[in-house]
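*Asks:* Quick one: structure below, then a few questions.
Protein chains: 2
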Amino acid sequence: MYKFGVDVGGTTIKIGLFTAEGELLEKFEIPTDKSENGSHIIGHIAVKLNEIITGKGFLTEDCFGIGIGLPGPVDDTGRVLGCVNLGWGIVEIEREMSQQFHGRLVKAGNDANVAALGEAVAGAGYQRKNLVMVTLGTGVGGGIIVNGDILTGANGAAGEIGHITVNPEETQRCNCGKCGCLEQYASATGVVRIAKQLTEKYKQSELIEHIDELTAKDVFDAAKRQDALAREAVAVLGKYLGMALSSVVCVTNPEAIVFGGGVSRAGQILFDEVEKNFVKYVFSPSRHVEFLPAKLGNDAGIYGAAALIDRG
Amino acid sequence: MYKFGVDVGGTTIKIGLFTAEGELLEKFEIPTDKSENGSHIIGHIAVKLNEIITGKGFLTEDCFGIGIGLPGPVDDTGRVLGCVNLGWGIVEIEREMSQQFHGRLVKAGNDANVAALGEAVAGAGYQRKNLVMVTLGTGVGGGIIVNGDILTGANGAAGEIGHITVNPEETQRCNCGKCGCLEQYASATGVVRIAKQLTEKYKQSELIEHIDELTAKDVFDAAKRQDALAREAVAVLGKYLGMALSSVVCVTNPEAIVFGGGVSRAGQILFDEVEKNFVKYVFSPSRHVEFLPAKLGNDAGIYGAAALIDRG
């Protein structure tokens, strides 16, 4: 018996072939064809899955199921309620994928939630039943694991930590349309945005010279060298991320918070700044939370997708 | 077959006798004996339960179980991790209660969580699988229902909405020890505290005269009469409660929010103020949330406690 974990992104589709017990046997990747509103995507996945099992000499009857992570909210009935990055509207993904692949069991989930599940079953959160994952990338994503399962919510939109309002006084808009979201401060683009706002205050900063091409990594590297502008930008990120996580912890009381995404690679300086604020804002009965760096990197999605098959 | 729902409070213990299907047959109440660190409480409950079934001519074998709500965090192993109001430290409540009552099944939960479950199974949230309950009383309590079950968290402290930090600039301390908690603005004591802070600004307010005996109801009544001080106090409550609920909804994506507790009886003026802010701060994919007044009042606890028996 074997199963597949599929992670559908805007650029590539990652596919993992797993044993029924969740051991990764081999990884594959195909480009995401977004032409004609992404209408070829499901077919391309099916073709690739068939190619894989033919190559291995596996039988379709031995396929335990296909788990699939998608960049959009997925509801309890197995529908994805739109994926802007793929050009999709509402798609009955579980039914359609199953039709295209020999009627096998298909389970779908939101990609950030599925990555959290991956870290919970096979990564940083191994053997922890209650955890929060926050992904600090271009945006800020989140996924919440409760009793070993994804918290999906009424229409698949739970765990959207990046859109918690942390600064009601903010006047610039987030991509989501409102103002003051965590994502505006704690994402890669967010920390650069904050740094740029501080140039007037810190004219001596080493960042001024290449301010137009500034990256989040530049900001953290300069902060490690004690650049005052960079340190203040990191402090702003830490304040809002620490505060938002304290709210999430107040609501969900997890054992651990797993940090993923490019910004999390800044390491200790980030953790220190977040923890300092977290401890200040968190409700004390919930404060014993481990801060853990994600372990699976880009493979969290395929691991989590494969794990979806084991859950109801 | 029958079951019991027990709601242990600091003053009284409420007991509901239910059919196995959850229909309330009769209610009982005994005083809470807090002497000797509350060590008689479990025994008193057992005596009362025996008295009830003897009176009815019921058999102990026909008791489907006893659900019990307690004013403290309850973990997955059936222990309550301290109840300050009862004088309790850690108590293995499920085991001890079962020993005292014929070895029947006992399930325990935190009182705010159990009340949320009660509203979900038999009250305002009837037939809704995902909801948030917020109780605006002397403090601000909360309970979260995910897929029909209580979100308890790693050590029973999930759903503590009242201790979300909503104002990082606050200098006065909450009872919990930190500053800027929702409870400092949205509880009965909180709205009175805010009103008192506004007396310098609104010297003509009708509230000034009896400011020392001010109640939350006075503030809402004056706000309905357009008193400027009262309106501002209600606006502050609405801003912070709307913001905090938007964070909770961002994390849990419920179908409905149920409002309970004395402050919620202020009615439409409260809902309007909260909703205005909620809509401003909430992530749009999660915004379709019904605001519902609680239906069961003080009986939510016994209904929810009885419902605990049906869950794992």
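Chains as they are written, first to last, in my numbering: chain E, 30 to 341; chain G, 30 to 341.
Don't be surprised by glycine CBs; every beta carbon is placed ideally from N, CA and C.
Closer than 7 Å by beta-carbon distance: list the chain E residues that pair up with Ile193(G), in chain order.
*Replies:* The contact set of Ile193(G) on chain E, defined by CB atoms closer than 7 Å, consists of Ser276, Cys279 in chain order.
*Asks:* Using 8 Å as the cut-off, can you tell me whether the region 71–82 of chain G makes contact with the region 147–164 of chain G, which would need three or more C-beta pairs spanning the two stretches below that distance?
*Replies:* no
*Asks:* Quick check on DSSP: helix, strand or coil for Pro314(G)?
*Replies:* Here Pro314(G) sits in helix by DSSP.
*Asks:* Three or more C-beta pairs under 8 Å: does that hold for the region 188–199 of chain E against the region 166–175 of chain E?
*Replies:* Contact between the region 188–199 of chain E and the region 166–175 of chain E is present, with at least three C-beta pairs closer than 8 Å.
*Asks:* Taking all protein chains shown into account, decide if Glu90(G) is buried (16 or more other Cβ within 10 angstroms of its Cβ) or exposed.
*Replies:* When all chains shown are included, Glu90(G) counts as exposed.
*Asks:* What are the boundary residues of the alpha helix (DSSP H) that Asp247(G) is part of?
*Replies:* 245–253
*Asks:* Does the beta-carbon of Met272(E) have 16 or more other beta-carbons within 10 angstroms, so that it is buried, or is it exposed?
*Replies:* buried
*Asks:* Of all the CB atoms in chain E, is at least one closer than 8 Å to the CB of Phe312(G)?
*Replies:* yes
*Asks:* Once you ignore the five residues that flank Thr40(E) on each side, which residues in its own chain have a CB closer than 8 Å to its CB?
*Replies:* Pro60, Thr61
*Asks:* Would you kindly work out how many angstroms separate the C-alpha atoms of Arg316(G) and Glu65(G), rounded to a whole number?
*Replies:* Linking Arg316(G) to Glu65(G) through their CA atoms gives a straight-line distance of about 49 Å.
*Asks:* For Ala257(E), which residues in the same chain have their Cβ closer than 7 Å to its Cβ, ignoring the five residues on either side in sequence?
*Replies:* Tyr231, Ser234
*Asks:* Would you say Lys305(E) lies against chain G (beta-carbon separation less than 8 Å)?
*Replies:* no
*Asks:* Helix, strand or coil: how does DSSP classify Arg202(E) here?
*Replies:* In this structure, Arg202(E) counts as strand in the three-state DSSP scheme.
*Asks:* Could you check whether the Cβ of Cys205(E) sits closer than 8 Å to any Cβ belonging to chain G?
*Replies:* yes
*Asks:* DSSP has Met162(G) in a bridge; who is on the other side?
*Replies:* Gly172(G), Val287(G)
*Asks:* If the cut-off is 8 Å on Cβ atoms, which residues from the region 177–189 of chain G count as contacting chain E, listed in chain order?
*Replies:* Leu180, Thr181, Gly182, Ala183, Asn184, Gly185, Ala186, Ala187, Gly188, Glu189
*Asks:* Applying the 10 Å Cβ sphere with the 16-neighbour rule, what's the burial state of Ile95(E)?
*Replies:* buried
*Asks:* Go through its chain and collect everything with a Cβ distance to Gly166(E)'s Cβ below 6 Å, but skip five positions before and after it.
*Replies:* Listed in chain order, the non-local C-beta contacts of Gly166(E) below 6 Å within the same chain comprise Gly290, Gly291, local neighbours out to five positions each way being set aside.
*Asks:* Just how far apart, CA to CA, sit Ala336(G) and Asn114(G)?
*Replies:* Here the C-alpha atom of Ala336(G) lies approximately 24 Å from the C-alpha atom of Asn114(G).
*Asks:* Taking 8 Å as the threshold (beta carbon to beta carbon), is Glu284(E) in contact with chain G?
*Replies:* yes
*Asks:* Look at the Cβ atom of Ala323(G), then the Cβ atom of Asp36(G), and state whether they are nearer than 8 Å.
*Replies:* no
*Asks:* For Cys112(G), list the residues DSSP reports as bridge partners.
*Replies:* Trp117(G)
*Asks:* With distances taken Cα to Cα, identify the nearest neighbour of Gly67(G) among Ile42(G), Glu50(G), Arg340(G), Val280(G).
*Replies:* Ile42(G)
*Asks:* If we ignore side chains and look at the alpha-carbon of each, how far apart do Leu299(G) and Asn139(E) end up?
*Replies:* 35 Å
*Asks:* So, for Thr200(E): in the same chain, excluding its five sequence neighbours on each side, which residues have a beta-carbon less than 8 Å away from its beta-carbon?
*Replies:* The answer, listed in chain order, is Cys208.
*Asks:* Closest Cβ-Cβ distance between Met272(G) and chain E: below 8 Å?
*Replies:* yes
*Asks:* Is the separation between the beta-carbon of Gly152(E) and that of Leu325(E) shorter than 8 Å?
*Replies:* yes
*Asks:* Considering only C-alpha positions, which residue in the set Tyr214(G), Pro314(G), Phe33(G), Gln226(G) is nearest to Ala183(E)?
*Replies:* Pro314(G)
*Asks:* Chain G partners of Asn159(E), CB-CB under 8 Å?
*Replies:* Gly182, Ala183
*Asks:* Report the residue from Lys253(E), Tyr214(E), Asp328(E), Leu211(E) whose alpha carbon sits nearest the alpha carbon of Glu148(E).
*Replies:* Asp328(E)
*Asks:* What is the rounded straight-line gap between the Cα of Ile97(G) and the Cα of Val120(G)?
*Replies:* 13 Å
*Asks:* Would you kindly check if the distance between the Cβ of Cys205(E) and the Cβ of Phe312(G) is under 8 Å?
*Replies:* yes
*Asks:* From what residue to what residue does the alpha helix (DSSP H) around Cys380(G) run?
*Replies:* It is not possible to answer for residue 380(G), since the shown part of chain G is limited to 30 through 341.
*Asks:* For a contact defined as C-beta to C-beta under 9 Å, what are the partners of Ile173(G) on chain E?
*Replies:* Result: Val280, Thr281.
*Asks:* Mind checking if Pro102(E) is an interface residue toward chain G, Cβ cutoff 8 Å exclusive?
*Replies:* Pro102(E) counts as touching chain G.
*Asks:* For chain G, check one thing: does any of its Cβ atoms lie closer than 8 Å to the Cβ of Pro197(E)?
*Replies:* Chain G, which has a Cβ nearer than 8 Å to the Cβ of Pro197(E), makes this yes.
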